[in-house]
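What follows is one structure encoded as structure tokens, with my remarks underneath.
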Amino acid sequence: MNKEPFFSIVIPCLNEEKSLPLLLQDLVNQTLQDFEVIVVDGNSKDKTVENANKFKKRLPSLSILHSKIRNVSVQRNMGGEAGKGTYLLFNDADNRLPKHFLEGVKYHIGVKPTDMFTTWCLPDSNRRSDKAIATNLNLLTETGLLLGTPGALGAMIGCRRKIFGKIGGFNPKVAFAEDSEFIRHGYRKGYTFSIIREPRYVYSLRRFRKIGTLKLLQKYAILNLKIMTNQEVDQKKEYPMGGEYLEKDDKTTAYFKNLQSVFIKKSPKKSILEKIRALLSLEESDL
Numbered sequence: 001m002n003k004e005p006f007f008s009i010v011i012p013c014l015n016e017e018k019s020l021p022l023l024l025q026d027l028v029n030q031t032l033q034d035f036e037v038i039v040v041d042g043n044s045k046d047k048t049v050e051n052a053n054k055f056k057k058r059l060p061s062l063s064i065l066h067s068k069i070r071n072v073s074v075q076r077n078m079g080g081e082a083g084k085g086t087y088l089l090f091n092d093a094d095n096r097l098p099k100h101f102l103e104g105v106k107y108h109i110g111v112k113p114t115d116m117f118t119t120w121c122l123p124d125s126n127r128r129s130d131k132a133i134a135t136n137l138n139l140l141t142e143t144g145l146l147l148g149t150p151g152a153l154g155a156m157i158g159c160r161r162k163i164f165g166k167i168g169g170f171n172p173k174v175a176f177a178e179d180s181e182f183i184r185h186g187y188r189k190g191y192t193f194s195i196i197r198e199p200r201y202v203y204s205l206r207r208f209r210k211i212g213t214l215k216l217l218q219k220y221a222i223l224n225l226k227i228m229t230n231q232e233v234d235q236k237k238e239y240p241m242g243g244e245y246l247e248k249d250d251k252t253t254a255y256f257k258n259l260q261s262v263f264i265k266k267s268p269k270k271s272i273l274e275k276i277r278a279l280l281s282l283e284e285s286d287l
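Given below as structure tokens:
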């Protein structure tokens, strides 16, 4: 009888012929190989499935499922139901993982057992302004947990396989923030949620680049970091558009407004603020 893997890596994808092979190669390179890989394709029109099949020899545990419905929650649920690991680990197809990622995550879970978790992220470039965006994303995760309303990016969510069904999986009817809704639903049921700060996965900002809002996000992220760490903001030089940067992107605007409001409502732990200040000194925008 085959031993159950520790992780079931679930990757929903749609037309990811370029990104998916990079993530699969990262999995090949992992120092910890106690996992299975479940790719759930949403009827891609490119070579996503063909390219995934090329990894069958390098990833013997790889299985490819086909969803008739193009919906990330439906695809995650299909993969979660098929998983046999102790933990399900949901990844976006354009994530990148350092080679010690799975080993590091397993270590943290062993030291501090948890029902659900996420990890901090890194941006997919070395630009200081992109680092500011990643810092904002990590900070939102931290403040949500501080306020008792935890959430996480769907790009990296882990949970015990045995509780996945009890939580109810991801809700296909929720079009936005279905990932955080899953975490909060589990939290309300009494399951624990943890944030692992190291190791970090690489989060792709390509969606923002594609819709042309990345430059605005970079400026807005750094302004928020300054405000939240009690640093002065030059209203004319750094805030020339009166806060109307993202008026055409309501979801992104709401995200950053929520990030700022939670800081106003409840002061974060001193250690978190100190880390933000240290990061911010390295992340001044060169835009």
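The numbers in full-length UniProt numbering rise by one with no breaks, and the one at position 243 of the sequence shown is 243.
Where a beta carbon is used, it is the ideal one built from N, C-alpha and C, also for glycine.
No experiment lies behind these values; they were computed from the predicted model shown.
Query, Result
"Helix, strand or coil at residue 100 according to DSSP, with G and I counted as helix", "coil"
"Residue 21 (DSSP reduced to helix, strand or coil)", "helix"
"Validate contact between the segment 157-171 and the segment 126-146 using beta carbons, cut 8 Å, 3 pairs", "no"
"The segment 103-115 / the segment 171-182 touching (three or more Cβ pairs under 8 Å)", "no"
"Start and end residues, beta strand (DSSP E) containing residue 182", "That residue, residue 182, is in no beta strand (DSSP E); its alpha helix (DSSP H) goes 178-188."
"Selection from 54, 71, 24 and 19 that minimises the alpha carbon distance to residue 43", "71"
"Whole-angstrom C-beta distance between residue 194 and residue 135, which should lie under 8 Å", "Not a contact, Cβ separation roughly 19 Å."
"Buried or exposed (CB count within 10 angstroms, at least 16 for buried), residue 10", "buried"
"CB of residue 79 within 8 Å of CB of residue 97, strictly", "no"
"Whole-number beta carbon distance between residue 7 and residue 87, since they are thought to touch under 8 Å", "5 Å"
"Burial state of residue 130 (16 or more Cβ within 10 Å)", "buried"
"Residue 37, enclosing beta strand (DSSP E) - first and last residue", "35-41"
"Touching by the beta-carbon criterion (3+ pairs, under 8 Å), the segment 25-39 and the segment 111-125", "no"
"Alpha-carbon to alpha-carbon, residue 92 and residue 57", "22 Å"
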